[in-house]
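> Going by my numbering, the first residue of the sequence shown is number 599, and it counts up by one from there. For glycine and all other residues, C-beta sits at the position ideal for the given N, C-alpha and C. None of these values were measured; they are calculated from a predicted model. Quick one: the structure is below, and I'll ask about it shortly.
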Amino acid sequence: MGLYTYNSTDIPKTDRIPKLVEHLYAKLPEIESARAVLITESYRQTENEPMIIRRAKAFQHILENIPIIIRDLELIVGSTTIAPRGCQTYPEFSYEWLEAEFDTVETRSADPFYISEQTKRELKEADAYWKGRTTSELATAYMEPETLIAMEHNMFTPGNYFYNGVGHVTVKYEEVLAIGFSGIREKAEAELAALSLADGDYQKKSRFLQAVIISCDAAVTYARRYAKLALEEAEKCTDGARKLELLQIAQNCANVPEKGAAGFYEACQSFWFVQQLLQIESSGHSISPGRFDQYMYPYYKKDLDSGKLTREFAQELMDCIWVKLNDLNKCRDAASAEGFAGYSLFQNLIAGGQNGEGIDVTNDLSFMCIQASMHVFLPQPSFSIRVWNGSPHEFLVKAAELTRTGIGLPAYYNDEVIIPSLVSRGLTLKDAREYNIIGCVEPQKAGKTEGWHDAAFFNMCRPLELVFTNGMDKGVQVGPQTGNVEDMKTFEEFYHAYKMQMDYAIKLLVNADNAIDMAHAERCPLPFLSSMVDDCMKQGRTVQEGGAVYNFTGPQGFGVANMADSLYAVKKLVYDEKQVTMKEMKTALMTNYGQGLDTEDIAAVTANVANEMKASGQTVGEAEIGAILKTVVAASESPEVKANGERILKLIDQVPKFGNDIPEVDAFARDVAYTYTRPLENYKNPRGGIFQAGLYPVSANVPLGAQTGATPDGRLAHMPVADGVSPSAGKDVNGPTAAANSVSKLDHYIASNGTLFNQKFHPSALSGRAGLDNFVGLIRSYFDQKGSHMQFNVVSRETLLDAQKHPEQYKHLVVRVAGYSALFTTLSKSLQDDIIRRTEQGFSDEG
599 MGLYTYNSTD IPKTDRIPKL VEHLYAKLPE IESARAVLIT ESYRQTENEP
649 MIIRRAKAFQ HILENIPIII RDLELIVGST TIAPRGCQTY PEFSYEWLEA
699 EFDTVETRSA DPFYISEQTK RELKEADAYW KGRTTSELAT AYMEPETLIA
749 MEHNMFTPGN YFYNGVGHVT VKYEEVLAIG FSGIREKAEA ELAALSLADG
799 DYQKKSRFLQ AVIISCDAAV TYARRYAKLA LEEAEKCTDG ARKLELLQIA
849 QNCANVPEKG AAGFYEACQS FWFVQQLLQI ESSGHSISPG RFDQYMYPYY
899 KKDLDSGKLT REFAQELMDC IWVKLNDLNK CRDAASAEGF AGYSLFQNLI
949 AGGQNGEGID VTNDLSFMCI QASMHVFLPQ PSFSIRVWNG SPHEFLVKAA
999 ELTRTGIGLP AYYNDEVIIP SLVSRGLTLK DAREYNIIGC VEPQKAGKTE
1049 GWHDAAFFNM CRPLELVFTN GMDKGVQVGP QTGNVEDMKT FEEFYHAYKM
1099 QMDYAIKLLV NADNAIDMAH AERCPLPFLS SMVDDCMKQG RTVQEGGAVY
1149 NFTGPQGFGV ANMADSLYAV KKLVYDEKQV TMKEMKTALM TNYGQGLDTE
1199 DIAAVTANVA NEMKASGQTV GEAEIGAILK TVVAASESPE VKANGERILK
1249 LIDQVPKFGN DIPEVDAFAR DVAYTYTRPL ENYKNPRGGI FQAGLYPVSA
1299 NVPLGAQTGA TPDGRLAHMP VADGVSPSAG KDVNGPTAAA NSVSKLDHYI
1349 ASNGTLFNQK FHPSALSGRA GLDNFVGLIR SYFDQKGSHM QFNVVSRETL
1399 LDAQKHPEQY KHLVVRVAGY SALFTTLSKS LQDDIIRRTE QGFSDEG
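In structure tokens:
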């Protein structure tokens, strides 16, 4: 058809992007039932076929029948739902939680969704088939009883993959752009033809390759449906300019992703189909575009040099992709929604950095990625940049200009730490140099890795609670018996008890992750995804079965600052200076420093005391429990207990805290972090890979903090736990450089699944060119000291407080939450409060 001849005079001078954004956020996002109904139909028809073929045929059935739409003014098409920002459901992973929340999902505090009565009926009918067939049910069957007990008592949560798909991957976008799915299909056919019927693994490999072929054909069919729809709409369109756009869209969709992209516009459309269809196949999030500026650049440069494309139109196409990335959505259970608040899908797109030969490859698209985030001003993509000593200064200044807008983007990553850390995990130097970031902060080599990043949240504060209760929680023996804390004569003995509780809980976390890993391999292998990850086709295995070149499991620990400050306070106050007895400390923690206990806390303490009495041989009946309850209530309300709690809080406040550039404290924090990162290295997963630690919470530090009692750092019960590797909120009082110096002392190399360092600045700190240069200097200084990652909120406390009171006036206020940004007004109040509490820095604070 030859319509791809846009130049700057052909581009309609419209407010396309603002209108697309306005349409996207006009209504509450909606849950739709089409995918659940279609996958159930397919599964009913393929009962006796191999699971991998069933998955491929289900994918095909969905793509042939799911409703499609071209939204007004779109230049890039492909929508998973008819409703803007809507979501489909994925009953093959889990469904019970959604049915239980049908009546509350629209009114819950975090990430509400509209769901119609008709959709509820259709989902219930489809869900009935999946009883006993989900990955979550199989995973539970694979877990040990003590693992389930630990999860019930909030020692850790593997909720991401327990109830959903894995995601957390970057595929070979560049290969699809180059050869299309017809080329990938040909590769699968060649591998299939090379097999021998007598091979011992012929059945498994052949069925996988057949599934790849079916999946490739399904993707092509889906794109052709859009080509047909675009032609139909063009025929009816009376607007001449829009008619040309629809005809061009039709041509694009007829060509890609079936064939290789002929130019930049086709490359943009092909990229989007891959991104969207990966979400349709599985409910995993953090499916990340990776190094967009690298694999898209050849198409941009070729068209620009030939005069076929203007930079202005290329920017508009990128802006359209940025909008589309916000159209994808996902509904989580209420508890998980609190941990991921903000409707985020964590689609991390990264720019800048070096190539496999160690040469900086920042290019024009790198700058245009920054510009797209400025134009669209939405949370997705989770935009990041790579920084090293070869990064152009003006590129960092341009990134700082984006940071200054307050959007919380970009996040900054240090090549000088991440590359060697990946090499230490077995990546080649070339692959490590070409890393991108997945989801929040997790590095991997695109198209070769099944990283299982973000595999669990591990709350480092909970094992310390068990040290004080001899492994007991709510009357149940959750951890090992490490002895009566009051009998521990030295800090080393106390610290050893903590390490024992940590090691035991980490072992159970590994058991949970591996059980879920196996369940996904058995029940939800993903042939479409696996067709774009090496070396799945060579090995004849999906990524879920270990087909990737690199295989990891990366659960993250959080609460490093709380644990460092807590253990340091115990060491100083109880053992070194003897200002507080261990009995007094234990009483203060049990009674929330005399601040009062809620009903659940009182019940938990009562149960623990009762079981301590039983363990010592005493008879404990209803009368004794009643007496214990009265004693606990009285103790929690007594003036003596309150006075003791207040005294200890004042003493704790005088103990030095992590985040203030105090070498002794920083070294202690480094060692505390090792109690999580080192034990994990000893374990392997079912895919033949190793476990690697991350130190970041997403935003789970708030809801999981709500499940945690008081800690010896002065943190009251149920308050948020520290965010990532950042100092505890409000405790870093010596300025941003001091905080960065402290965080850099942690071993970021061993936490190869990523670390997360948040800072908050007052907008005035980044004003003018001098402010930007100071800001870049801070990042450079932190990275020179081998810090791994930094991200920022640039917004005043007053603005955030006003946004809480008048949310209708701040609909477009975007903030950095954890490893992602979100609209502030969509966050739960507890998460908003946590962001407000973070220390507000300014360069004037430096002495």
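Buried or exposed: where does residue 1046 fall if 16 or more other Cβ atoms within 10 Å of its Cβ makes it buried?
buried
> Can you list, in chain order, the residues of its chain with a C-beta nearer than 6 Å to that of residue 745? Leave out the 5 residues immediately preceding and following it.
1106, 1109, 1110
> Going along the chain, which residues of its own chain have a beta-carbon closer than 6 Å to the beta-carbon of residue 1281, five neighbours each way excluded?
1108, 1289
> Grab the span of the alpha helix (DSSP H) containing residue 874 for me, first residue to last.
862-879
> At 4 residues or longer, what runs of the alpha helix (DSSP H) sit wholly inside the segment 1045-1131?
Contiguous alpha helix (DSSP H) elements confined to the segment 1045-1131 occur at 1060-1066, 1089-1121, 1125-1128, taking only those with 4 or more residues.
> Go through its chain and collect everything with a Cβ distance to residue 600's Cβ below 6 Å, but skip five positions before and after it.
Because residue 600 sits at a pLDDT of 41, beneath the cut-off of 50, its placement in the model cannot be relied upon, and the point is left open.
> Counting Cβ pairs, one atom from each stretch, are 3 or more of them under 8 Å apart for the segment 880-897 and the segment 820-831?
no
> Taking buried to mean at least 16 other C-beta atoms within 10 Å of its own C-beta, is residue 1302 buried or exposed?
buried
> Within the 7 Å Cβ cut-off, does residue 820 reach chain D?
The structure shown has no chain D; it contains just one protein chain.
> Quick check on residue 883: does DSSP put it in helix, strand or coil?
coil
> In whole angstroms, give me the CA-to-CA distance for residue 1436 and residue 1051.
26 Å
> Tell me the DSSP secondary structure of residue 618 in three-state form.
In this structure, residue 618 counts as helix in the three-state DSSP scheme.
> Restricting to runs no shorter than 4 residues, where is the alpha helix (DSSP H) found entirely within the segment 1234-1287?
1237-1252, 1261-1278
> Go ahead and pull the three-state DSSP assignment for residue 989.
coil
> Cβ-heavy atom distance between residue 1310 and the ligand GTP below 6 Å?
Absence of the ligand GTP from the depicted structure is noted, as is the absence of any ligand whatsoever, leaving it without description.
> Near residue 611, what residues of its chain come up, given a Cβ to Cβ distance below 7 Å and the 5 sequence neighbours on each side ignored?
The predicted model places residue 611 with a pLDDT of 46, which falls under 50 and marks its position as unreliable; any figure quoted below should be read in that light. Counting only Cβ-Cβ distances below 7 Å, and skipping sequence neighbours, we find nothing.
> Please state whether DSSP places residue 603 in a helix, a strand or coil.
Residue confidence for residue 603 is low, a pLDDT of 43 falling below 50, so the modelled location carries little weight; the figure read from the coordinates is stated next. For residue 603, the secondary structure class from DSSP, reduced to helix, strand or coil, is coil.
> Sort 1202, 726, 688, 722 by Cα distance to residue 761 and report the nearest one.
688
> Ordered along the chain, which non-local residues of its own chain (more than five positions away) have a Cβ less than 8 Å from that of residue 1136?
Residues 789 of the same chain have their beta carbon placed closer than 8 Å to that of residue 1136, with the five preceding and five following residues left out of the count.
> Take the Cβ of residue 1209 as the centre, count every other Cβ of all protein chains shown within 10 Å, and call the residue buried at 16 or more, exposed below.
buried
> Might you give, ordered along the chain, the residues of its own chain that have their beta carbon closer than 6 Å to the beta carbon of residue 812, omitting 5 neighbours on each side?
654, 658
> With which residues is residue 628 paired in a DSSP beta bridge?
712
> With a 10 Å radius around its C-beta and 16 neighbouring C-beta atoms as the bar for buried, classify residue 846 as buried or exposed.
buried
> When the Cα atoms are used, what is the spatial distance from residue 676 to residue 691?
24 Å
> Can you list, in chain order, the residues of its chain whose CB lies under 7 Å from that of residue 853, leaving out five sequence neighbours each side?
Answer for residue 853: 860, 864, listed in chain order.
> Name the one or two DSSP bridge partners that residue 835 has.
Beta-bridge pairing links residue 835 to no other residue.
> So the alpha helix (DSSP H) residue 1201 belongs to, where does it begin and stop?
1197-1213
> Is residue 893 helix, strand or coil by DSSP?
helix
> Per the DSSP calculation, residue 1036 is bridged to which residue(s)?
Beta-bridge pairing links residue 1036 to 1040.
> Buried or exposed: residue 1088, going by 16 or more other Cβ atoms within 10 Å of its Cβ?
Residue burial is scored here from C-beta neighbours: residue 1088 has fewer than 16 other C-beta atoms within 10 angstroms and is therefore classed as exposed.
> Does DSSP put residue 685 in a helix, in a strand, or in coil?
The answer is strand: DSSP assigns residue 685 an E or B state.
> With DSSP as the reference, label residue 651 as helix, strand or coil.
Here residue 651 sits in helix by DSSP.
> Going by the CB atoms, is the gap between residue 700 and residue 729 shorter than 7 Å?
no
> Compare the Cα-Cα distances from residue 973 to each of 920, 992, 950 and report the closest residue.
920
> Quick check on the burial criterion: 16 or more other C-beta atoms within 10 angstroms. Buried or exposed for residue 800?
exposed
> Is the beta carbon of residue 1432 closer than 7 Å to that of residue 1300?
Their beta carbons are under 7 Å apart, which means residue 1300 touches residue 1432 by this criterion.
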